[in-house]
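One structure below.
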Amino acid sequence: MWIVFALTLLAVLVYRPVSGRTKSSRLLKRTGPHWRGMYSRRNFLRLGAALVGAGAVSYSGADEACERWYSDHVDSQAADQLASLVEPWGRRFWFVNWLLLAILDVTYHSSALTRWGRRNWEAMLVGLPTLWGVQYGLGAARPTDNSHGPRWKPLADENTASGHAFMAAIPWLTAAKTAGRGWARAAARVGSTLTGWSRFHDRRHYLSQVLLGYGIAWTAVDAVVKLPLETGAGGGSGAGTATETETDSGADTWAESDTDSRPRAGTDADRVSDPPEHP
Numbered sequence: 561m562w563i564v565f566a567l568t569l570l571a572v573l574v575y576r577p578v579s580g581r582t583k584s585s586r587l588l589k590r591t592g593p594h595w596r597g598m599y600s601r602r603n604f605l606r607l608g609a610a611l612v613g614a615g616a617v618s619y620s621g622a623d624e625a626c627e628r629w630y631s632d633h634v635d636s637q638a639a640d641q642l643a644s645l646v647e648p649w650g651r652r653f654w655f656v657n658w659l660l661l662a663i664l665d666v667t668y669h670s671s672a673l674t675r676w677g678r679r680n681w682e683a684m685l686v687g688l689p690t691l692w693g694v695q696y697g698l699g700a701a702r703p704t705d706n707s708h709g710p711r712w713k714p715l716a717d718e719n720t721a722s723g724h725a726f727m728a729a730i731p732w733l734t735a736a737k738t739a740g741r742g743w744a745r746a747a748a749r750v751g752s753t754l755t756g757w758s759r760f761h762d763r764r765h766y767l768s769q770v771l772l773g774y775g776i777a778w779t780a781v782d783a784v785v786k787l788p789l790e791t792g793a794g795g796g797s798g799a800g801t802a803t804e805t806e807t808d809s810g811a812d813t814w815a816e817s818d819t820d821s822r823p824r825a826g827t828d829a830d831r832v833s834d835p836p837e838h839p
């Protein structure tokens, strides 16, 4: 954990591109709009559909069937090694790491790295209440609990949605949504599924629980990335002012309002005086 924090600070110190950017806007400036986006009517319908789908998988016996099939046909030593490698991506300390980048984005210097971390933290901030509500409210158990399994038993347990799948998917999905099109976006989307798969592989969650955690992460990232992240443009005291807005695709759009010093039509500089009139 501390190694991750140290590497994050080092990356921010080293990666400081020469540009007009200084610091970003206030830390919680966009939290209100993000909450409204996350808990909009459309997203409530999405989350409701995800719950219906997860319930169908868990109550139909598909969860147990998928687990048995995977154990018989896919499980291997190589898969064990890969699962142990990607499982730490979903641990809780990543929330603090993204918060650290968000604070640096506001107080120290704004860069692509710090803005990415800030978006990750903001997505977790708006998505965690939904995750916790589903986990505790529906109360499903782990595959290793030998109790009521994936069936919902409110307040009996806390495993209805995978927290690891949620935490690990967010930075990858944020990168995918700002990477444009092509192989980079595809690779980021594949990366977003690896930790959730590791939880299914290690029998820490049923398939429906992994998919539910991933779906909440997708909804939270979508609510955050849809809104532009504004950063102040510093440096220089030119005649004009500049406002930078980072759009969803990661590109920076500049709008400058400079006073044009060239003479305009109809001004005194190019007006031809009329000849005097003789009586």
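When you read off a place in the sequence shown, starting at 1, and then add 560, the result is the number in the working numbering.
Heads up, the beta-carbon is just placed ideally off N, CA and C, and yes, glycines get one too.
Query, Result
"Return the CA-CA distance between Arg741 and Ala748, expressed in angstroms with no decimal places.", "11 Å"
"Helix, strand or coil for Pro714, going by three-state DSSP, please let me know.", "coil"
"Helix, strand or coil for Tyr774? Go by DSSP, reduced to three states.", "helix"
"Taking 8 Å as the cut-off, does the stretch 661 to 673 touch the stretch 753 to 764 (at least 3 CB pairs, one atom from each stretch)?", "no"
"Taking 8 Å as the CB-CB limit, is Thr734 close to chain D?", "Going by chain labels, chain D is absent from the structure shown, which holds only one protein chain."
"Tell me whether Arg586 is buried or exposed, calling it buried when 16 or more other Cβ atoms sit within 10 Å of its Cβ.", "exposed"
"Could you tell me which of Gly775, Asp782, Gly751 sits nearest to Val612, measuring between CA atoms?", "Gly775"
"Can you give me the start and stop residues for the alpha helix (DSSP H) that Asn603 sits inside?", "601 to 619"
"For Ser817, which of helix, strand or coil comes out of DSSP?", "Bear in mind that a pLDDT of 36 at Ser817, under 50, signals an unreliable position, so the model cannot answer this."
"Given that a residue counts as buried once 16 or more other Cβ atoms are within 10 Å of its Cβ, and exposed if not, what is Asn706?", "exposed"
"If the criterion is Cβ atoms closer than 8 Å, does the pair Gly699 and Asp717 meet it?", "yes"
"Drop a sphere of 10 angstroms on the beta-carbon of Pro710, count the other beta-carbons inside from all chains shown, and report buried for 16 or more, exposed for fewer.", "buried"
"For Val656, tell me which candidate among Ser644, Glu627, Met684, Gln695 has the shortest Cα-Cα distance.", "Met684"
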